[in-house]
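Residue 930 in the numbering used here sits at position 18 of the sequence shown, with consecutive numbering throughout.
The beta carbon of each residue, even a glycine, is placed where N, CA and C say it ideally should be.
Encoded as structure tokens, the structure appears first; notes follow it.
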Amino acid sequence: MPKFISKIIAWIIDRSLSAFVSFITGVRPKFEGDLNFTPDNKVYFANHASHGDFVMVWISLPHKWRKVVRPVAGADYWLQGKIRKFIIQNVFNALLIMRNGNDPKAITMQMTEEISNGSSLIIFPEGTRNTDDQTILLPFKSGIYHLARENPDVRFVPIWIDNINRVLPKGKLIPVPIICDVFIGEEMALHPNESKDEFLERTRNALLALAPETKRGSHHANAV
């Protein structure tokens, strides 16, 4: 397929998919003035409950910012089938990684290279989708720490996606219209001499603080 045809098709899919997701979830792009940071040198990290998670992060960002944002996705899933492969590569320009590889350092360096080339990334530090309704957020894998250590100037932005697991549950293909929310927190960075455990706890707590369940619990405690 000629490159210019691919670009046209990708643009049509991008606009159509964005409109469709906004219609069934109610999520709209943020205005640049609503966010207290610039789009440069960012790693957006979010909770993970569905294959639609990175689309929700994508949709919530200002449209112009998406040009430099690359979701980090598993090659084993997204390279299955021509349509899926076209969408992930041409519409979202995702950075595809081999999740079953035996060299996690290679994945970190792959992401670091993209950051040095001017890309911002979308990652999911839990490492897998959380399908346990009793667990708000799974423990973070160490990858986010190693990425921060390799890129000390990069800022990490927590993003909480609420209700998407009901729209597109694991194993389901047809989405159900349900109002969702995307909450974007303040940017943060690795502190000098901060240990792995400290950074993982701090980033996880920053993400948890955005969750409606956490906010309701805090309000209840304050009321008591």
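Here lysine 942 carries a coil assignment [DSSP, helix/strand/coil].
In this structure, glutamate 1026 sits near arginine 982, with a CB-CB distance shorter than 8 Å. Here aspartate 1065 has Asn953 as same chain residues with Cβ atoms under 7 Å from its own Cβ, once five neighbours each way along the sequence are excluded. Secondary structure at isoleucine 1090: coil, using DSSP grouped into helix, strand and coil. With at least 16 other beta carbons inside 10 angstroms of its own, tyrosine 1057 counts as buried. In the DSSP annotation of this structure, proline 1064 is not part of any beta strand (DSSP E), being labelled neither H nor E. Contact between isoleucine 971 and serine 934 holds: their C-beta atoms lie close to 6 Å from each other, under 8 Å. In this chain, the beta strand (DSSP E) harbouring proline 983 covers 981-986. Less than 8 Å divides the Cβ of isoleucine 1076 from the Cβ of alanine 961.
Here DSSP, grouped into helix, strand and coil, assigns alanine 961 to coil. Residue state for phenylalanine 1004 is assigned as coil, using DSSP reduced to three classes.
Here DSSP, grouped into helix, strand and coil, assigns leucine 1033 to strand. Under the three-state reduction of DSSP output, aspartate 1015 falls in the coil class, being neither helix nor strand. Nearest C-alpha to cysteine 1092 among Ile1073, Glu1099, Leu1102 and Ile1086: Ile1073. A Cβ-Cβ separation of about 20 Å leaves glutamate 1106 out of contact with phenylalanine 949 under the 8 Å criterion.
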